[in-house]
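So the protein lines, in turn, are chains L and V. What the first sequence shows, in my numbering, is residues 2 to 112, in sequence order. What the second sequence shows, in my numbering, is residues 146 to 257, in sequence order.
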Amino acid sequence: QKEVEQNSGPLSVPEGAIASLNCTYSDRVSQSFFWYRQYSGKSPELIMSIYSNGDKEDGRFTAQLNKASQYVSLLIRDSQPSDSATYLCAVNMYNDYKLSFGAGTTVTVRA
Amino acid sequence: DGGITQSPKYLFRKEGQNVTLSCEQNLNHDAMYWYRQDPGQGLRLIYYSQIVNDFQKGDIAEGYSVSREKKESFPLTVTSAQKNPTAFYLCASSTGTGYGYTFGSGTRLTVV
Chain L
2 QKEVEQNSGP
12 LSVPEGAIAS
22 LNCTYSDRVS
32 QSFFWYRQYS
42 GKSPELIMSI
52 YSNGDKEDGR
62 FTAQLNKASQ
72 YVSLLIRDSQ
82 PSDSATYLCA
92 VNMYNDYKLS
102 FGAGTTVTVR
112 A
Chain V
146 DGGITQSPKY
156 LFRKEGQNVT
166 LSCEQNLNHD
176 AMYWYRQDPG
186 QGLRLIYYSQ
196 IVNDFQKGDI
206 AEGYSVSREK
216 KESFPLTVTS
226 AQKNPTAFYL
236 CASSTGTGYG
246 YTFGSGTRLT
256 VV
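Structural data, given as structure tokens:
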């Protein structure tokens, strides 16, 4: 079983819609959770971090964490063509410097 | 501005040649990492270092070597033993456990 799994893409959404990205992880003692956005040919950039159960909102992005279900999600509201990218879920296991990454979900926002 | 600088942006390697990818950070981060990304694939960890003069192998260390003589620098050497080195190489740094990474802009390595 992979440590971090993301829903397979690609995900195509119309402009203005909500894009929903899901991520599950295997280690119950994971502490920190991150979402990165990676445009084609570019390096990943951190867009959200979440550490406790519940929702965290930043502009059009909302991260949701449920540690009991070992589940973290990212919602992109009012999707724009500039949101078209691959989104990587990353999890920090307890007392570990390293992040474990999912394979990514590619999102395409169609005008 | 603080950040991570990777160079060169593009690198071409001939068969049997060793090449070194540079990674420098001025964020005062303790930890540094090297990842490899193949087309359509996720990130695979090559090596990481938590402190100066110490580093650990990641999941795919064979055919690669690193050094960490200075806090700011973590160069990666792709040796001739790495039979399929064509990939996008990403360097990252972090302040420690529980913190996200900051990534460099990457080096695209191609075997010619």
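Every residue gets a Cβ at the ideal spot worked out from N, C-alpha and C, and that includes glycine.
(message) Considering only the alpha carbon of each residue, which of V:Q186, V:L190, V:Y192 and V:T222 lies closest to V:L156?
(response) Position 11 of the second sequence holds residue 156 of chain V. Ranking V:Q186, V:L190, V:Y192 and V:T222 by Cα distance to V:L156 puts V:T222 first.
(request) Along the beta strand (DSSP E) that carries L:S50, what are the first and last residues, could you check? (result) As a first step, residue 50 of chain L must be located in the first sequence, where it is residue number 49. It spans E46 to I51 - the beta strand (DSSP E) in which L:S50 sits, taken as one unbroken run.
(message) Classify L:T25: buried if its beta carbon has 16 or more other beta carbons within 10 angstroms, exposed otherwise.
(response) As a working note, residue 25 of chain L is residue 24 in the first sequence. L:T25 is buried by the Cβ-count criterion.
(request) Could you tell me whether the Cβ of L:L47 comes closer than 8 Å to any Cβ of chain V? (result) As a working note, residue 47 of chain L is residue 46 in the first sequence. L:L47 counts as touching chain V.
(request) With 7 Å as the C-beta to C-beta threshold (strictly closer), list the residues of the region 162–175 of chain V near chain L in chain order. (result) none
(message) Excluding the 5 residues flanking V:H174 on each side, which residues of the same chain have their C-beta closer than 7 Å to its C-beta?
(response) Counting from one through the second sequence, the residue named residue 174 of chain V turns up at place 29. Closer than 7 Å at Cβ, skipping near neighbours: S238, S239 and T240.
(request) Check the Cβ-Cβ distances between V:T255 and every residue of chain L, and say whether any is below 8 Å. (result) Residue numbering aside, residue 255 of chain V sits at position 110 when the second sequence is read from its first letter. Not one chain L Cβ lies under 8 Å of V:T255.
(message) Pop quiz: L:S50 and L:V92 are said to be a contact at Cβ under 8 Å. What is the actual Cβ separation, rounded to whole angstroms?
(response) Position 49 of the first sequence, counted from the first residue, corresponds to residue 50 of chain L. Position 91 of the first sequence, counted from the first residue, corresponds to residue 92 of chain L. 11 Å between Cβ atoms; not a contact.
(request) Indicate whether at least one CB of chain L lies closer than 8 Å to the CB of V:L188. (result) Locating residue 188 of chain V in the second sequence gives position 43, where the first residue counts as 1. It does: the Cβ of V:L188 has a partner Cβ on chain L nearer than 8 Å.
(message) Nearest by alpha-carbon distance to L:Q71: which of L:W36, L:N54, L:P15 and L:S80 is it?
(response) Here residue 71 of chain L is taken as the residue at index 70 of the first sequence, counted from 1. Of the listed residues, the one whose Cα sits closest to L:Q71 is L:N54.
(message) Is there a Cβ of chain L sitting closer than 8 Å to that of V:Y246, yes or no?
(response) Within the second sequence, residue 246 of chain V is the residue found at index 101, counting from 1. By this cut-off, V:Y246 is an interface position.
(message) Against chain V, does L:Y40 count as a neighbour if the rule is that its beta carbon must be under 8 Å from one of theirs?
(response) Along the first sequence, one-based indexing puts residue 40 of chain L at 39. False, the Cβ-Cβ gap to chain V never drops below 8 Å.
(message) Need the endpoints of the beta strand (DSSP E) that L:Q81 sits in, please.
(response) Taking the first sequence and counting its residues from 1, the one referred to as residue 81 of chain L is at position 80. Taken as a continuous stretch (DSSP letters only), L:Q81 belongs to no beta strand (DSSP E), as it is neither H nor E.
(request) Compare the beta carbon distance of L:L22 and L:Q39 with 8 Å and say whether it is the shorter of the two. (result) Within the first sequence, residue 22 of chain L is the residue found at index 21, counting from 1. Within the first sequence, residue 39 of chain L is the residue found at index 38, counting from 1. For L:L22 and L:Q39, no; Cβs fall outside 8 Å.
(request) Output yes if chain V places a C-beta closer than 8 Å to the C-beta of L:K99; else output no. (result) On the first sequence, residue 99 of chain L is found 98 positions in, with the first residue counted as 1. With 8 Å as the cut-off, L:K99 counts as an interface residue toward chain V.
(message) Taking the beta carbon of L:S101 as the centre, do at least 16 other beta carbons fall within 10 Å, making it buried, or is it exposed?
(response) Looking up residue 101 of chain L in the first sequence gives position 100. Its Cβ being crowded by 16 or more others within 10 Å, L:S101 is buried.
(request) With a 10 Å radius around its C-beta and 16 neighbouring C-beta atoms as the bar for buried, classify V:K202 as buried or exposed. (result) Sequence index remark: in the second sequence, residue 202 of chain V carries index 57 (1-based). Flag for V:K202 reads exposed.
(message) Between V:Y193 and chain L, is any beta-carbon pair separated by less than 8 Å?
(response) Walking along the second sequence from the start, residue 193 of chain V turns up at place 48. Nearest CB-CB separation between V:Y193 and chain L: below the 8 Å threshold.
(message) Quick check on V:G148 - is its C-beta less than 8 Å from some C-beta in chain L?
(response) Your numbering for residue 148 of chain V matches position 3 in the second sequence. Not closer than 8 Å to any Cβ of chain L, the Cβ of V:G148 fails to qualify, so no.
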